[in-house]
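Asker:
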Amino acid sequence: MSNQTLGQKLRRLREDQGLLLRKVAAILDIDVAVLSKMERGERRLSKDAVLKLSKLYKADADELLTLYLTEKILGEIENEELAIKALHLAEKQIKYQKLNLKT
Numbered sequence: 002m003s004n005q006t007l008g009q010k011l012r013r014l015r016e017d018q019g020l021l022l023r024k025v026a027a028i029l030d031i032d033v034a035v036l037s038k039m040e041r042g043e044r045r046l047s048k049d050a051v052l053k054l055s056k057l058y059k060a061d062a063d064e065l066l067t068l069y070l071t072e073k074i075l076g077e078i079e080n081e082e083l084a085i086k087a088l089h090l091a092e093k094q095i096k097y098q099k100l101n102l103k104t
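This is the structure in C-alpha cells:
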C-alpha cells in the first residue's frame with residue numbers, strides 16, 4: 002500500500018476508468034462538489050460510499066476500507082501527544098480480542 006490518501010486513490014481509480022466526476026456523483030446520489038471535496042481530502046467519505054465505490058471501480062474493498070479506517074483514526078488522534086503509544090495499545094487489544102473470540 003502506498004502513501005496515497007483515500008481521496009487520491011479514489012480519484013486515480015475514477016480517472017483510470019475514464020469516469021467523470023458528475024457521473025460518479027450521480028451514482029452515489031451526492032453533489033459533484035461534495036465528491037470533489039472527498040477526492041481532495043476536504044470531506045470524509047462514509048463507509049457505505051467507500052464500499053459502493055469499490056464495487057463501481059472494481060477495486061480491492063479491503064485496501065479502500067483500510068485507507069478509510071486509517072484516515073478515520075488519524076482524524077481522531079493526529080494531534081495527540083500519545084498517539085503512537087495509544088495505537089500500539091489498541092493493536093494489542095485488538096489481537097487479544099481476536100484470540101479470545103476464537104476460543
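Sequential numbering of the sequence shown, starting at 2, is according to my numbering. Glycine residues also receive a C-beta, built at the ideal position from the N, C-alpha and C atoms.
(1) Quick one: any contact between the region 35 to 47 and the region 6 to 14, if contact means 3 or more CB pairs under 8 Å?
(2) Closest to residue 33 by CA distance: which of 12, 52, 17, 18 is it?
(3) May I have the straight-line CA-CA distance separating residue 18 from residue 58, to the nearest angstrom?
(4) How would you call residue 77, buried or exposed, if buried means at least 16 neighbouring beta carbons within 10 angstroms?
(5) How would you write the range of the alpha helix (DSSP H) that residue 102 sits in, first residue to last?
(6) Distance check for residue 68 and residue 74, CA to CA, integer angstroms please.
(7) What is the rounded straight-line gap between the Cα of residue 21 and the Cα of residue 71?
(8) Cα separation between residue 40 and residue 94?
(9) On the three-state DSSP scale, how would you describe residue 67?
Answerer: Let me spell this out:
(1) yes
(2) 12
(3) 7 Å
(4) exposed
(5) 84 to 103
(6) 10 Å
(7) 27 Å
(8) 32 Å
(9) helix
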